[in-house]
Ligand code: TYD
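In my numbering, the protein residues as written are 3 to 146.
Take a look at the structure:
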């Protein structure tokens, strides 16, 4: 049986330092699709009013690229490529976690009042999701 692997792994995911214009009147950060992040932005969504102890995510995307930013407060993102897991703590408005396609992600440890903004490379498409870890793992071509 051929054991093919997804071309995407945890090594392709990283925290991106976004431009920050510091100013005594307040700081300003901006994101340009294709410039500061390796995709064009088709959609923006955000999580807010997350109750203490809640977990979000729990899925992978087949083709979607995303940048996850803690606009306010903090939370953790656990990325998993089927081989390794990495936990990121996001708490700066000028940092974004780039998540490439075919990465399982879970979000937890939300501080009260936190806002998680996600920039995405495509519009919402339920067919782009793996919502079961087993199906995701099989699609990665890894042995269980
Ligand atoms: P989901 O992606 O599972 O949320 P999270 O990863 O943050 O835990 O989406 C939750 C619900 O919202 C699901 O029914 C799909 C819907 N949804 C949209 O309609 N449009 C969107 O852009 C997103 C992200 C979700």
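Every residue, glycine too, gets a C-beta built ideally from N, C-alpha and C.
Original post:
Under the three-state reduction of DSSP, which class applies to residue 108: helix, strand or coil?
Top reply: In the three-state DSSP reduction, residue 108 falls in the strand class (E or B).
Subject >> Where residue 12 falls: helix, strand or coil (DSSP) >> reply: It is helical.
Original post:
Going by the C-beta, is residue 59 closer than 6 Å to any heavy atom of ligand 1?
Top reply: In terms of side-chain proximity, the C-beta atom of residue 59 is found nearer than 6 Å to a non-hydrogen atom of ligand 1.
**OP:** Output the distance between the C-alpha atoms of residue 38 and residue 55, rounded to the nearest integer angstrom.
**Re:** A straight line joining the alpha-carbon of residue 38 with that of residue 55 spans about 32 Å.
Subject >> Identity of the residue in 32, 85 and 19 nearest residue 13 by Cα >> reply: The shortest Cα separation from residue 13 among 32, 85 and 19 belongs to 85.
**OP:** Tell whether a beta-carbon distance below 7 Å holds between residue 20 and residue 96.
**Re:** Result yes, Cβ atoms of residue 20 and residue 96 sit closer than 7 Å.
Subject >> Of the listed residues 48, 22 and 140, nearest to residue 105 (C-alpha basis) >> reply: Looking at the Cα atoms, 140 is the closest of the given residues.
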